[in-house]
Amino acid sequence: MKRMTCPVNGPRAISEFVCGGEIRPMPDPATCSDDEWADYVFNRNGSPGVKREWWCHLPSNTWFVAERDTARDVVLRTYLYAGGA
Amino acid sequence: MPLGLLRFALSKTHPEPRMFTRHDRLKPAYDAVIIGGGGHGLAAAYYLARDHGISNVCVLEKGYIGGGNTGRNTTIIRSNYLTPEGVKFYDESVRLWQDLAQDFDLNLFYSNRGHFTLAHTDAALRTSRWRAEVNKHFGIDSEVVGPEAVKKAAPMIDLACGGHAPILGALYHAPGAVARHDAVAWGYGRGADRRGVEIHQRTEVLGIDVAGGKVTGVRTSRGNISTGKVLCAVAGSTPRILDMVGIRSPITIHPLQAMVSEPVKPWLDPILVSGSLHVYISQSARGELIMGASLDPYEVQSTRSTLDFTEGLATHMLDLFPFLSNVKVMRQWAGMADMTPDFAPIMGRTPVEGFYLDAGWGTWGFKATPVSGKTMAHTLAHDRNHALITGFTLDRFRNFELTGEKGAASVGH
Ligand SMILES: Cc1cc2nc3c(=O)[nH]c(=O)nc-3n(C[C@H](O)[C@H](O)[C@H](O)COP(=O)(O)OP(=O)(O)OC[C@H]3O[C@@H](n4cnc5c(N)ncnc54)[C@H](O)[C@@H]3O)c2cc1C
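Taken in sequence, the protein lines are chains G and Y.
Counted the way the numbering used here counts, the first sequence spans residues 3 to 87.
Counted the way the numbering used here counts, the second sequence spans residues 139 to 551.
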């Protein structure tokens with residue numbers, strides 16, 4: 003069974019979590035161009051590598067950050083969000 | 139013993155030509171280079187040579203042909219999609235499938251079974267009705283049927299699904315079929331090879347040269363090539379190739395898993411899909427049950443499968459067919475599905491001149507192998523998007539004009 007470590011609840015089955023996608027800076031919708039907004043809404047970095055992602059432990063509704071290697075399918079580090087993109 | 143077999147047994151050298159010619163080295167230049175020797179890349183090569191007389195072409199495959207998603211898929215062929223763009227496109231593919239075996243002189247084991255999308259909720263029944271109406275409008279054979287029709291076609295089914303999720307009806311699509319995936323890759327490969335296309339296996343593309351916004355060449359693990367046209371048909375590796383030419387896209391890679399059981403007596407003729415239980419099943423000519431589920435829920439670029447998948451799939455399969463509890467699982471595997479936000483493919487010209495994309499095939503691209511090959515060959519030959527793919531171009535995202543196909547493509551691949 004794959005596991006994920008919630009920074010609050012410790013290691014749990016990964017089926018208890020949901021991935022919220024890579025952490026990305028949001029352009030200001032009031033000032034950015036339509037192209038920049040479309041790029042933010044749709045485009046993703048789909049290549050393999052180590053990514054910083056939002057994850058949520060569903061039973062406790064704890065959102066946190068996970069660093070995950072998407073090529074090797076391993077979670078490197080998890081921690082609570084402390085600001086910054 | 140058939141005579142052919144005897145000939146093989148007695149001969150010291152291989153008595154028949156192999157499926158393809160082996161080329162010792164790459165030429166310095168080609169009119170077009172196709173990256174990816176899956177069904178899509180090989181089909182494009184075949185139609186380029188057959189219909190457009192362009193045969194100074196090479197197909198570069200980093201592993202062996204058909205070893206990607208083509209050889210990992212559960213081979214469901216159908217055209218009961220939701221959007222007019224999708225319905226017309228997949229319908230043309232179903233038409234092309236019909237005489238493909240003749241074309242290739244190769245048995246593709248194309249087997250017309252009929253396809254049920256089971257509805258366990260009112261919402262699912264409503265989507266079925268919607269799909270049926272769109273389909274009928276375009277002359278495609280789809281209808282909403284009641285639970286008794288499901289029971290008649292699959293007598294072993296438990297319509298109550300153990301009481302959890304009783305089946306209220308289904309979308310029935312008579313043209314639904316399965317085919318032998320490897321044979322499709324080999325058939326297109328052999329047909330292209332005989333018309334002069336070079337297939338290079340174990341040849342990985344490492345870089346693409348672009349000058350002044352135009353493609354000029356391709357760098358590979360076996361040397362460099364100059365060319366003005368490149369078709370990228372690499373499914374789960376698409377983002378890596380797009381990085382080489384600096385194109386951004388919405389494609390992310392998620393594993394899609396499947397499994398087969400040990401062979402059992404034929405008992406299941408149609409293909410059954412349940413969106414609510416997230417499973418689907420068909421029985422192969424060998425008697426194996428071919429079963430799949432929905433996508434893994436987060437991004438991973440690897441083809442390892444998991445125990446969670448087998449357990450989840452088996453649990454829901456037993457809701458539908460409790461008598462399968464004694465049947466053993468024989469194999470399980472995963473492929474890397476190139477997913478798009480609207481569950482439609484991304485095809486055609488790109489901002490880089492001479493660089494063409496055939497991707498975003500996610501969990502649904504096997505059935506489209508013939509039509510994507512045909513339309514991409516046309517697009518390459520004329521440097522203009524084929525009329526059937528204009529709803530699938532990359533710039534639909536920039537223009538906020540998505541082709542919402544999720545209702546028809548999410549579990550029923
Ligand atoms: C488990 C599973 C079940 C599925 N079920 C169905 C189904 O029932 N019906 C349906 O219609 N579709 C289904 N699909 C989807 C379908 O398999 C794919 O959409 C389709 O096969 C894609 O074909 P392709 O030729 O584009 O890609 P592939 O067959 O993946 O071929 C791409 C090739 O590119 C090669 N490549 C990658 N990078 C490079 C490089 N740098 N240089 C050279 N070569 C490279 C790869 O080795 C690979 O062989 C399923 C997929 C999976 C994984």
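Even for Gly, the Cβ is constructed at its ideal location relative to N, Cα and C.
Only exposed fits Q240 (chain Y), as fewer than 16 other CB atoms lie within 10 angstroms of its CB. By the 16-neighbour rule on beta-carbons within 10 angstroms, Y494 (chain Y) is buried. Exclusion of T444 (chain Y) from the 7 Å shell around ligand 1 follows from its C-beta lying no nearer than that to any non-hydrogen atom of the ligand.
Taken from the Cβ of W324 (chain Y), every heavy atom of ligand 1 lies 7 Å or farther away. Listed in chain order, the beta strand (DSSP E) elements of length 3 or more contained wholly in the region 486-526 of chain Y are 493-497.
At a threshold of 7 Å, V509 (chain Y) does not count as near ligand 1, since its beta carbon sits no closer than that to any of the ligand's heavy atoms. Sequence-distant Cβ neighbours of G252 (chain Y) in its own chain, meaning closer than 6 Å and more than five residues away, are A312, G314 and P408. If you check the C-beta of Q395 (chain Y) against ligand 1, you find a heavy atom less than 7 Å away.
By the Cβ test, the region 145-152 of chain Y is not in contact with the region 12-29 of chain G, since fewer than three Cβ pairs between them sit closer than 8 Å. Checking the 7 Å criterion, the Cβ of N250 (chain Y) is out of range of every heavy atom belonging to ligand 1.
Not one heavy atom of ligand 1 falls within 7 Å of the beta-carbon of F530 (chain Y).
Here the alpha carbons of H302 (chain Y) and G201 (chain Y) stand approximately 44 Å from one another.
Look at T151 (chain Y) here: in three-state DSSP terms it is coil, with no helix or strand label.
DSSP places L256 (chain Y) outside any alpha helix (DSSP H); the residue lies instead in the beta strand (DSSP E), whose first and last residues are H253 to A257. The bridge partners DSSP lists for P393 (chain Y) are Y:M474. When the alpha-carbon of L263 (chain Y) is set against those of Y:R332, Y:E281 and Y:I337, the nearest one is in Y:E281. DSSP places E449 (chain Y) inside the alpha helix (DSSP H), whose first and last residues are L445 to L458.
DSSP places S17 (chain G) in the helix class (H, G or I) of the three-state scheme. Distance from the C-beta of R269 (chain Y) to the nearest heavy atom of ligand 1 is not below 7 Å. Residue contact check for D446 (chain Y) against chain G: a CB pair falls below 8 Å. Contact with chain Y is absent for C8 (chain G), since none of that chain's Cβ atoms lies less than 8 Å from the residue's Cβ.
Taken in chain order, the members of the region 438-462 of chain Y whose beta-carbon sits within less than 8 Å of a beta-carbon on chain G are V438, Q439, S440, R442, T444, L445 and D446. Residues of chain G whose Cβ lies closer than 8 Å to the Cβ of P435 (chain Y) are, in chain order, V20 and C21. Counting along the chain, Q439 (chain Y) sits inside no alpha helix (DSSP H), nor does DSSP assign it H or E at all. For P479 (chain Y), a Cβ of chain G is located within less than 8 Å of the residue's own Cβ. The alpha-carbon of K403 (chain Y) is positioned some 27 Å away from that of T208 (chain Y). The count of Cβ pairs closer than 8 Å, one atom from the region 180-188 of chain Y and one from the region 373-381 of chain Y, stays below three, leaving the stretches out of contact. By the CB criterion at 8 Å, P388 (chain Y) and G425 (chain Y) fall outside the cutoff.
In the DSSP assignment, M382 (chain Y) falls within the unbroken alpha helix (DSSP H) covering T376 to V383. R5 (chain G) has a beta carbon lying at 8 Å or more from every beta carbon in chain Y. By the criterion of at least three beta-carbon pairs nearer than 8 Å, the region 289-299 of chain Y is not in contact with the region 267-281 of chain Y.
Nearest in C-alpha terms to H275 (chain Y), of all of Y:D229, Y:V171, Y:G545 and Y:C196, is Y:D229. For the region 382-396 of chain Y, the set of positions with a beta-carbon nearer than 8 Å to some beta-carbon of chain G reads R386, S387, P388, I389, T390 and I391 in chain order. Considered as a whole, the region 279-354 of chain Y harbours 280-283, 307-311, 336-338 and 343-349 as its complete beta strand (DSSP E) runs of no fewer than 3 residues, in chain order.
Residue pairing by DSSP places W57 (chain G) opposite G:C21 and G:F66 in a beta bridge.
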